[in-house]
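Per our numbering, the sequence shown runs over residues 6 to 412.
All C-beta atoms, glycine included, are put in the ideal place defined by N, C-alpha and C.
Every value quoted in this text rests on a predicted model; they were computed, and no experiment measured them.
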Amino acid sequence: MPWQAVRSLAKCVPVQIYTKFKQPKPRKRSDGGWHWGWGLLVVLACVGAWWWWARKDQPKPAIPPAQLLAFTPAVPNSGLPVTVVTNPPRPVMGGSLPPARATTTATNRVSATEPVFDNNTFPRPPQNSFEVQLALARAGISAGSFDGVTGSQTRAAIRAFQLREGLAETGAADAETKARLQLMLPPLTNYTVTTNDLARLQPLGTTWLGKSQQSALDYETILELVAEKGHAHPLFIKRLNPSVDWTNVTAGVELRIPNVSYPPSRARAAFAVIHLAGKTLQAFDANTNLLAHFPCSIAARVEKRPVGELHVAVVAPNPNYTFDPEVFPESAEAQQLGRKLILPPGPNNPVGVAWIGLDRPGYGIHGTPSPEQVGRTESHGCFRLANWNAEHLLKLVTVGTPVRVVE
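Written out as C-alpha cells, the structure reads:
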C-alpha cells in the first residue's frame with residue numbers, strides 16, 4: 006500500500022476506535038468487586054516490596070544491655086540489683102576494640118576505687134575508720150582513743166602520715182593513703198582477764214586527801230583496764246563485746262580488744278614540736294623524719310602556754326604526784342588543806358603513768374587518768390597525752406631533748 010494511503014487511513018481509524026472504547030457495555034456488579042480486590046492486593050504487595058528494599062541494607066541494631074544480662078539469676082527479696090558474674094570477660098586481642106564497660110550495679114555501696122578484701126587476708130589496706138586509726142597507731146601515729154569515728158584527731162593523724170609518706174595532705178583516708186597503711190596483722194585480738202587484773206582494781210578516792218592515802222591510783226574497773234590496753238574508748242570496747250556483763254567480769258573471761266602496738270623505736274628523737282593551734286605533739290629524728298604523732302591537751306589560759314624552745318629535764322616512768330594547793334585555786338578542798346600532798350603512782354594518778362619534766366618550773370609532758378579527753382579538755386599548764394602515748398614518748402626522748410612550742 007502506498008505511504009500516502011496509510012497516512013489517510015491513520016487519520017480516520019483512531020476516531021472510530023476511540024469512540025467505541027469510551028462506550029463499553031455495562032459490567033455486572035460481581036465483575037467490579039473482583040477487580041477492586043485484585044487492585045488492593047497489588048497495592049499491598051508494592052508497599053511490602055518497598056519496605057523490604059528500604060530495610061535490607063540497614064545495620065542490625067545492637068543487642069540491648071538487658072539481653073546481655075538475661076542469664077543473670079535474680080535474687081529474691083533483695084531490694085537491690087545484683088550482678089552475678091559467672092565467667093570473667095575474655096581479653097580483647099590486638100587492641101583494636103575499646104574495653105567493655107563494667108556493670109556498675111552491686112549489692113552494697115562500695116567505692117569502685119576500693120576493692121573488697123577478705124578480712125582474714127593480710128597484708129591488706131584498712132577498710133573502715135577504726136582500721137585506719139589502728140594502722141596509723143601501728144605506724145607510730147596516734148589518732149587518740151580508738152572510737153571508729155573519723156573526727157578532727159583522726160584527720161590530723163592522717164595528714165601527719167601523708168606528710169611523712171610524701172602524699173597529698175588531704176586529711177582523708179583516700180585509696181592511695183589506705184594502700185600505704187597496710188594492716189599486717191588482724192585488727193582485733195582476744196584478751197583473757199586474769200586474777201592479777203582483778204586484784205589491781207580499787208575504788209578511786211573522791212578527794213585529794215583520800216587519793217593520797219591510797220596504796221596506788223590504779224584502775225577502778227576491768228573496762229577501764231582493757232580500754233587502755235587496747236588504746237580505745239571504753240564505749241568502743243563495749244561495742245566490741247556486746248554480750249559482756251561489765252559489772253560481773255571474772256577471771257578467765259575472754260574479751261575482744263584492738264590488736265595494737267607501737268613500732269620499735271628505730272632512733273631517738275632529736276627534737277619534739279608541740280603545735281598549740283593543732284593540739285598535737287610530734288617527735289622527729291635528726292633527719293627531721295617523723296617518729297611519732299600524738300594528740301595533746303594544752304593550758305586553758307594563754308599566759309600558761311610557754312611558746313619557745315624548752316628542753317627535757319627529767320624522765321620518770323610511773324611517777325608519784327605532788328599535789329600543790331596553789332595550782333588549784335578553783336578547788337575548795339585545796340584551799341582548806343593549805344599543804345602539799347604526795348599521791349601514789351598509777352594510771353589514775355593526775356599525771357598518769359609517765360612524767361617528762363621540762364626546764365621550766367612546773368611544766369612537763371605527762372599522761373592522764375582520762376585519755377579519751379585528751380585534746381578536748383585543757384590543763385593548768387602542762388601538756389597531757391594519753392597514758393600509752395606518754396609511755397611511748399618516754400622511750401624516744403632523753404634529758405636534754407629540745408621541745409619547741411609553737412603557735
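- Can you name, in chain order, every residue of its own chain whose Cβ lies under 7 Å from the Cβ of residue 280, other than the five neighbours on each side? Here residue 280 refers to the residue found at position 275 when the sequence shown is read from its first residue. Answer for residue 280: 411, listed in chain order.
- Item | Extent of the continuous beta strand (DSSP E) to which residue 204 belongs | For this step, residue 204 is matched to residue 199 along the sequence shown. No beta strand (DSSP E) holds residue 204; the alpha helix (DSSP H) holding it covers 200–205.
- Decide if residue 183 is buried, meaning its Cβ has at least 16 other Cβ atoms within 10 Å, or exposed. Translated into positions along the sequence shown, residue 183 becomes position 178. When all chains shown are included, residue 183 counts as buried.
- contact_flag[the segment 300–308, the segment 388–399] where n(CB pairs < 8 Å) is 3 or more: yes
- Message: At the level of alpha carbons, what is the spacing between residue 377 and residue 229?
- Response: Along the sequence shown, read from residue 1 onward, the residue named residue 377 stands at position 372. Along the sequence shown, read from residue 1 onward, the residue named residue 229 stands at position 224. Going by the C-alpha atoms only, they are around 11 Å apart.
- Can you tell me whether DSSP reads residue 384 as helix, strand or coil? For the purposes of this step, residue 384 is taken as the residue at position 379 of the sequence shown. Three-state DSSP puts residue 384 in a strand.
- Message: So, for residue 351: in the same chain, excluding its five sequence neighbours on each side, which residues have a beta-carbon less than 7 Å away from its beta-carbon?
- Response: The residue labelled residue 351 in the question sits at position 346 within the sequence shown. If we look at residue 351 and ignore the five residues flanking it on each side, its Cβ neighbours are 221, 222 and 223.
- Going by C-alpha distance, which of 277, 218, 237 and 338 is nearest residue 349? For the purposes of this step, residue 349 is identified with residue 344 of the sequence shown, where counting begins at 1. Looking at the Cα atoms, 218 is the closest of the given residues.
- Query: Would you say the segment 148–156 touches the segment 237–253, given that touching needs at least three Cβ pairs under 8 Å?
  - Reply: yes
- Task: Taking 7 Å as the cut-off, decide whether the C-beta atoms of residue 365 and residue 322 are in contact.
- Result: Here residue 365 refers to the residue found at position 360 when the sequence shown is read from its first residue. Here residue 322 refers to the residue found at position 317 when the sequence shown is read from its first residue. Cβ atoms of residue 365 and residue 322: not closer than 7 Å.
- Contacts around residue 318, its chain only, beta-carbon distance under 7 Å, and the 5 residues preceding and following it disregarded: Taking the first residue of the sequence shown as position 1, residue 318 is located at position 313. Counting only Cβ-Cβ distances below 7 Å, and skipping sequence neighbours, we find 362, 363, 364 and 404.
- Query: Which residue comes first and which comes last in the beta strand (DSSP E) that contains residue 279?
  - Reply: One-based indexing of the sequence shown puts residue 279 at position 274. That run of the beta strand (DSSP E) goes 276–280.
- Through-space distance from residue 201 to residue 402, alpha-carbon basis: Taking the sequence shown and counting its residues from 1, the one referred to as residue 402 is at position 397. Taking the sequence shown and counting its residues from 1, the one referred to as residue 201 is at position 196. Between residue 402 and residue 201, the C-alpha separation is close to 31 Å.
- Query: For residue 302, does the three-state DSSP call read helix, strand or coil?
  - Reply: Stepping through the sequence shown from its first residue, residue 302 is reached at position 297. In the structure shown, residue 302 sits in a strand (DSSP, three-state: E or B).
- Query: Cβ of residue 259 within 6 Å of any heavy atom in the ligand FAD?
  - Reply: In the structure on display, the ligand FAD does not appear, and there are no ligands present to speak of.
- Message: Give me, in chain order, the residues of the same chain whose beta-carbon lies closer than 6 Å to that of residue 272; leave out the 5 immediate sequence neighbours on both sides.
- Response: To locate residue 272, count along the sequence shown from 1; it is residue 267. Result list for residue 272: 290, in chain order.
- residue 143, buried or exposed, once every other Cβ within 10 Å from all chains shown has been counted against 16: Against the sequence shown, residue 143 aligns to sequence position 138. Its Cβ being crowded by 16 or more others within 10 Å, residue 143 is buried.
- Message: Closest to residue 340 by C-alpha separation, out of 204, 180 and 212, would be which residue?
- Response: Position 335 of the sequence shown, counted from the first residue, corresponds to residue 340. Among 204, 180 and 212, the Cα nearest to that of residue 340 is on 212.
- Query: According to DSSP, is residue 151 helix, strand or coil?
  - Reply: Stepping through the sequence shown from its first residue, residue 151 is reached at position 146. In the structure shown, residue 151 sits in a strand (DSSP, three-state: E or B).
- State the Cα-Cα distance for the pair residue 395 and residue 375, rounded to the nearest angstrom. For the purposes of this step, residue 395 is taken as residue 390 along the sequence shown, with counting starting at 1. For the purposes of this step, residue 375 is taken as residue 370 along the sequence shown, with counting starting at 1. One C-alpha to the other measures close to 13 Å.
- Message: I need the straight-line Cα distance from residue 259 to residue 251, nearest angstrom please.
- Response: On the sequence shown, position 254 is the one that residue 259 refers to. On the sequence shown, position 246 is the one that residue 251 refers to. Residue 259 and residue 251: Cα-Cα distance of roughly 12 Å.
- Query: What's the call for residue 337, buried or exposed, on a 16-neighbour Cβ count within 10 Å?
  - Reply: In the sequence shown, residue 337 corresponds to position 332, counting from 1. Burial call: exposed.
- Who are the near neighbours of residue 347 in its chain, counting only those whose CB is closer than 8 Å to its CB and skipping five residues on each side? For this step, residue 347 is matched to residue 342 along the sequence shown. Hits under 8 Å: 217, 325, 326, 327 and 328.
- When DSSP labels each residue in this structure, what does residue 317 get in the three-state scheme? For this step, residue 317 is matched to residue 312 along the sequence shown. Residue state, collapsed to three classes: strand.
- Under a Cβ-count criterion, where at least 16 other Cβ atoms within 10 Å of its own Cβ denotes burial, should residue 170 be classed as buried or exposed? Stepping through the sequence shown from its first residue, residue 170 is reached at position 165. Exposed, since its Cβ has fewer than 16 Cβ neighbours within 10 Å.
- Drop a sphere of 10 angstroms on the beta-carbon of residue 188, count the other beta-carbons inside from all chains shown, and report buried for 16 or more, exposed for fewer. Reading the sequence shown from its first residue, position 183 is the one you call residue 188. Buried, since its Cβ has 16 or more Cβ neighbours within 10 Å.
- Query: Is DSSP giving residue 397 helix, strand or coil here?
  - Reply: As a first step, residue 397 must be located in the sequence shown, where it is residue number 392. If DSSP states are grouped into helix, strand and coil, residue 397 belongs with the helices.
- Message: Quick check on the DSSP output: what are the complete beta strand (DSSP E) runs of length 3 or more inside the segment 180–241, in order along the chain?
- Response: 193–197
- Query: Going by Cα to Cα distance, which pick from 255, 409, 163 and 307 is closest to residue 139?
  - Reply: Counting from one through the sequence shown, the residue named residue 139 turns up at place 134. Nearest C-alpha to residue 139: 163.
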